[in-house]
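All residue numbers for the sequence shown refer to our numbering, where the first residue is 2 and numbers rise by one. C-beta: ideal position from N, C-alpha, C; glycine also. Note that the structure is predicted; figures quoted are calculated from it, not measured.
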Amino acid sequence: MNVLERKLDKTKTKNSYNNVVWFYNLWSWLTESKAAKKVIDLAEIEDGKRILEVACGTGVVFEQIVNGNPNGENIGIDLSPDMLNKARNRLKKVSDNFELREGDALNLDFDDNTFDILINNFMVDLMPQEHFDRIAQEFRRVLKPKGVLVISTFSFGKKRINKIWFWIAKHFPDLLTGCRPVSFKDNLIKAGFSIEQDMAISQNTFPSEVIKAIKIK
Ligand SMILES: C[S@@+](CC[C@H](N)C(=O)[O-])C[C@H]1O[C@@H](n2cnc3c(N)ncnc32)[C@H](O)[C@@H]1O
2 MNVLERKLDK TKTKNSYNNV VWFYNLWSWL TESKAAKKVI DLAEIEDGKR ILEVACGTGV
62 VFEQIVNGNP NGENIGIDLS PDMLNKARNR LKKVSDNFEL REGDALNLDF DDNTFDILIN
122 NFMVDLMPQE HFDRIAQEFR RVLKPKGVLV ISTFSFGKKR INKIWFWIAK HFPDLLTGCR
182 PVSFKDNLIK AGFSIEQDMA ISQNTFPSEV IKAIKIK
């Protein structure tokens, strides 16, 4: 499948998420909530773990991570300060055992072998394809050996109706803040993950892929 080209412009990405923050939760509830639920199921969170969510956005999934890990360590990072503020407002109502901070998936500010679980939802699909290997390597680096990665992406989908999203991403990229269908599995394998689960999900025609992978080396 041809992945549409995107260029990295962190300032533009930051600004576009600062701009869509007001309706982002409705959008993700309509198109991504099914995948998000699957991500949480596959992560099999047990209390007492060290968990990182990269690109935590408004904290929809992060809230469930924190609820499942009340005595562990919960860290969420995102490029957009406005998305993080929304996440902070959501999280402070449920717990004080979390940390949210600005951070970049391409240069994770954490030591090697730190986390038991790393979660990343709907971020790779807005990154340039030439950065996919680097992202997979960073995920692997900060996970402990046998650490679990669960990731969801905007995907090509299996049904004919799913193709409409490729068309929108191609012709009206700004409508989707630059996101487009991608495939990330091969980059994970190349970086040193084994694929445990790989699922195609379609919600209101929007196609996603959810992958559970384990750090093997
Ligand atoms: C489509 S939203 C997904 C948010 C959240 N994961 C969810 O599923 O609701 C993409 C998020 O990725 C963040 N992001 C984009 N590039 C990033 C990067 N290089 N490092 C960290 N976060 C990034 C954006 O700021 C935005 O919050």
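Local conformation of residue i per DSSP, three classes
i, result
"V151", "strand"
"G77", "strand"
"R7", "coil"
"M200", "strand"
"K213", "strand"
"K250", "Outside the shown range of the chain, which is 2 to 218, sits residue 250, and nothing can be said about it."
"F194", "strand"
Inter-residue CB distance, residue i and residue j (contact presumed, cutoff 8 Å)
i, j, result
"K213", "L43", "4 Å"
"F194", "V143", "Not confirmed; about 13 Å, so no contact."
"F123", "L92", "F123 to L92, Cβ: 19 Å. No contact."
"F207", "W168", "So it is not a contact: roughly 13 Å between Cβ atoms."
"N68", "I52", "Not confirmed; about 12 Å, so no contact."
Residue i and residue j closer than 8 Å at C-beta
i, j, result
"D126", "F157", "no"
"E138", "A192", "For the sequence presented, residue 138 should be read as Gln rather than Glu. Yes, the Cβ-Cβ distance between Q138 and A192 is below 8 Å."
"V21", "Q130", "no"
Status (buried if at least 16 other CB within 10 Å, exposed otherwise) for residue i
i, result
"E45", "exposed"
"G60", "buried"
"D117", "buried"
"S96", "exposed"
"D10", "exposed"
Any chain C beta carbon closer than 8 Å to residue i
i, result
"I120", "Absent from the structure: chain C. Only one protein chain is present."
| task | Ignoring anything shorter than 3 residues or poking outside the segment 157-186, list the beta strand (DSSP E) runs there in chain order. | result | If we require 3 residues or more, the segment 157-186 turns out to have no beta strand (DSSP E) run fully inside it.
| Along the chain, which unbroken stretches of the alpha helix (DSSP H) at least 4 residues long are found entirely within the segment 34-82? | Along the segment 34-82, the alpha helix (DSSP H) occurs as fully enclosed runs of 4 or more residues at 34-44, 61-69, listed in sequence order.
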